Every structure is written in structure tokens, then in C-alpha cells.
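Take a look at the structure set out below.
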Amino acid sequence: MQYVPYFENKNNSPTSFTQMAWAKTYKVGCGITDCDSKAFVVCRYSPKGNILNEYVWQVGAPCTNCTNGCSSASKYLCANSA
Numbered sequence: 001m002q003y004v005p006y007f008e009n010k011n012n013s014p015t016s017f018t019q020m021a022w023a024k025t026y027k028v029g030c031g032i033t034d035c036d037s038k039a040f041v042v043c044r045y046s047p048k049g050n051i052l053n054e055y056v057w058q059v060g061a062p063c064t065n066c067t068n069g070c071s072s073a074s075k076y077l078c079a080n081s082a
């Protein structure tokens with residue numbers, strides 16, 4: 001799936017999903033608070049995704065482009081060096 005200009009400035013666009021699924025994103029930090037019985041969740045991703053005209057993920061065999069091989073925790077995800 002390619003991130004295209006159509007996704008920009010649309011109320012119902014899948015930008016939260018595409019950021020979470022972005023192939024090059026491997027760090028996430030989230031915070032949650034409750035205010036007037038409403039929960040607010042904020043997350044920060046790094047490296048950032050949702051880059052116009054780039055692909056959310058690459059099609060191919062798992063771990064094909066992993067520089068550090070596959071993760072020991074998940075055989076379908078890349079392992080990180082740090």
C-alpha cells in the first residue's frame with residue numbers, strides 16, 4: 001500500500017494505521033490520561049512514517065531486507081541492533 005496525497009487532510013483516512021504499520025518505524029512511546037471520563041491517548045513514532053509516495057511496507061519474504069536478521073521474538077519482524 002502506497003501512502004498517497006489522497007490520505008492527507010481526510011477525516012476518515014487510515015493515517016493512524018499506516019503510521020503503526022510503517023515498515024521503517026521501530027520505536028513507539030505512548031501516554032494516556034483521563035479527563036472528564038474521556039480517555040486521551042497520544043503516541044510518538046520514530047522514525048516517522050506517512051511519507052507521501054512511499055510504501056507503508058514492502059512486499060516480499062519476511063526479513064528479506066533486515067540488516068540484523070529476524071527478531072527472536074517474532075520470526076516475521078526485523079531485529080534491531082539496539
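For reference, each letter of the sequence shown is one residue, going 1 to 82 in UniProt numbering. For every residue, glycine included, the Cβ atom is placed at its ideal position computed from N, Cα and C. From a predicted model like this one, the values you see are computed outputs, not experimental measurements.
Limits of the unbroken beta strand (DSSP E) element including residue i
{"i": "Ser46", "result": "Lys38 to Ser46"}
{"i": "Thr18", "result": "Element bounds for Thr18: not the beta strand (DSSP E) but the alpha helix (DSSP H), Thr15 to Ala21."}
{"i": "Gly31", "result": "Lys27 to Cys35"}
Among the options, nearest to residue i - alpha-carbon criterion
{"i": "Gly31", "options": "Trp22, Arg44, Ser37 and Ala21", "result": "Arg44"}
{"i": "Met20", "options": "Ile51, Cys66 and Phe40", "result": "Ile51"}
{"i": "Pro47", "options": "Val56, Pro62, Tyr76 and Val41", "result": "Val56"}
{"i": "Ala79", "options": "Lys27, Thr15, Gln2 and Pro14", "result": "Lys27"}
Residue i - DSSP class collapsed to helix/strand/coil
{"i": "Val56", "result": "coil"}
{"i": "Gly49", "result": "coil"}
{"i": "Cys70", "result": "strand"}
Residue i versus residue j - alpha carbon distance
{"i": "Gln2", "j": "Tyr76", "result": "21 Å"}
{"i": "Trp22", "j": "Gly60", "result": "15 Å"}
{"i": "Asp34", "j": "Val42", "result": "12 Å"}
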